[in-house]
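A.B. asks: Each residue of the sequence shown is one higher than the last, beginning at 1 in UniProt numbering. Built from N, CA and C at the ideal position, the CB exists for glycine as well. Small disclaimer: the values here were computed from a predicted structure and weren't measured. Okay, handing you the structure first.
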Amino acid sequence: MDVIEEYILQHMDPEDELLSRLFRETHLTQINPRMASGHIQGRILTMLCRMLKPKRILELGTFTGYSALCMAEALPDDGELHTVEMDDEMEPFIMKYFRQSPHGGKIKLHIGDTLQVIPTLTGTFDLVFMDADKRQYVEDYEAVLPLVPSGGFIFADNTLWSGKVLHEPASGDKQTAGIRRFNDYIAADTRVEKVILPIRDGMTILMKK
């Protein structure tokens, strides 16, 4: 572990016991456990949600549910979080932890492709957390933007992609190409204010004007 990361972990609130078990099981059972947000980013998401006070959150890309639980923790009792996961085989894992959490009742899991699920959702969302298929980040962004009111926020994860965005992607690397396309697209989009935070793998914060 990076010494700076270790120092940060020693000087912040400890990880919730349920989240710690979820994170451990993710690493024991999943092929790409790095996709889970983890303690530092999870606490950042919780803190940002406490600051922004959203009542309705939409998450694209649930994976094992770590980030969903972190954001749901900051929701009021009558708040709700809708999260969309493409892989239907993840549903039992996800729901096992949602049911154990005191915040799980605020969460609604949708299984399916984001571009098919988003049109079925009603109402607006104060905050959208994008963390699904990087190849279609632009399309996901355009699909959710109409659901975000003026002054609402979109967080897009992995927008620095381990530094791969600095170089032309290798042939066939559609994930890197998708993130580079998204970053260029957002940079030119005057409908939102935007900033990239160098947190973990990069997170872009956008506010709709």
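Between the beta-carbon of residue 59 and the beta-carbon of residue 83, is there less than 9 Å?
C.D. replies: Yes, Cβ-Cβ distance for residue 59 and residue 83 is below 9 Å.
A.B. asks: Would you report the Cα separation of residue 94 and residue 86, rounded to the nearest angstrom?
C.D. replies: Cα-Cα distance, rounded: 12 Å.
A.B. asks: Tell whether a beta-carbon distance below 9 Å holds between residue 190 and residue 196.
C.D. replies: No.
A.B. asks: Could you tell me which of 12, 91, 62 and 74 sits nearest to residue 45, measuring between CA atoms?
C.D. replies: It is 74 whose Cα lies nearest to the Cα of residue 45.
A.B. asks: For the segment 126-138 against the segment 171-184, do three or more pairs of beta-carbon atoms, one drawn from each stretch, fall closer than 8 Å, so that the two count as touching?
C.D. replies: Contact between the segment 126-138 and the segment 171-184 is present, because at least three Cβ pairs lie under 8 Å.
A.B. asks: Give me the Cα-Cα distance between residue 68 and residue 157, rounded to the nearest whole angstrom.
C.D. replies: Looking at the two C-alpha atoms, the distance is approximately 13 Å.
A.B. asks: Going by the DSSP bridge assignment, what does residue 216 pair with across the sheet?
C.D. replies: Outside the shown range of the chain (1 to 209) lies residue 216, about which nothing can therefore be said.
A.B. asks: Using alpha carbons as the reference points, say which of 33, 16, 61 and 56 lies closest to residue 39.
C.D. replies: Nearest of 33, 16, 61 and 56 to residue 39, Cα basis: 16.
A.B. asks: In three-state DSSP terms, what is residue 211?
C.D. replies: A query on residue 211 cannot be resolved here, the shown segment of the chain reaching from 1 to 209 and no further.
A.B. asks: Cβ atoms of residue 71 and residue 129: under 9 Å apart, would you say?
C.D. replies: Cβ atoms of residue 129 and residue 71: closer than 9 Å.
A.B. asks: By how many angstroms is the C-alpha of residue 126 removed from the C-alpha of residue 77?
C.D. replies: In a straight line, the C-alpha of residue 77 is about 16 Å away from that of residue 126.
A.B. asks: Would residue 120 be called buried (16 or more neighbouring beta carbons within 10 Å of its own) or exposed?
C.D. replies: With fewer than 16 other Cβ atoms within 10 Å, it is exposed.
A.B. asks: For residue 162, is the classification buried or exposed, using 16 other Cβ atoms within 10 angstroms of its Cβ as the cut-off for buried?
C.D. replies: With fewer than 16 other Cβ atoms within 10 Å, it is exposed.
A.B. asks: How would you write the range of the alpha helix (DSSP H) that residue 91 sits in, first residue to last?
C.D. replies: Start and end: 91-100.
A.B. asks: For residue 191, report the span of its beta strand (DSSP E) as first-last.
C.D. replies: It is not in any beta strand (DSSP E) - residue 191 carries neither H nor E in the DSSP assignment.
A.B. asks: Exposed or buried, which one is residue 21 when buried takes at least 16 other CB atoms within 10 Å?
C.D. replies: Looking at its Cβ environment, which holds fewer than 16 other Cβ atoms inside 10 Å, residue 21 is exposed.
A.B. asks: Which ranges does the beta strand (DSSP E) cover as unbroken runs of at least 3 residues, wholly within the segment 4-68, from first to last along the chain?
C.D. replies: The qualifying runs are 56-60.
A.B. asks: Could you check whether residue 139 and residue 111 sit closer than 9 Å to each other, using their CB atoms as the reference points?
C.D. replies: No, the pair does not count as a contact, with Cβ atoms beyond the cut-off.
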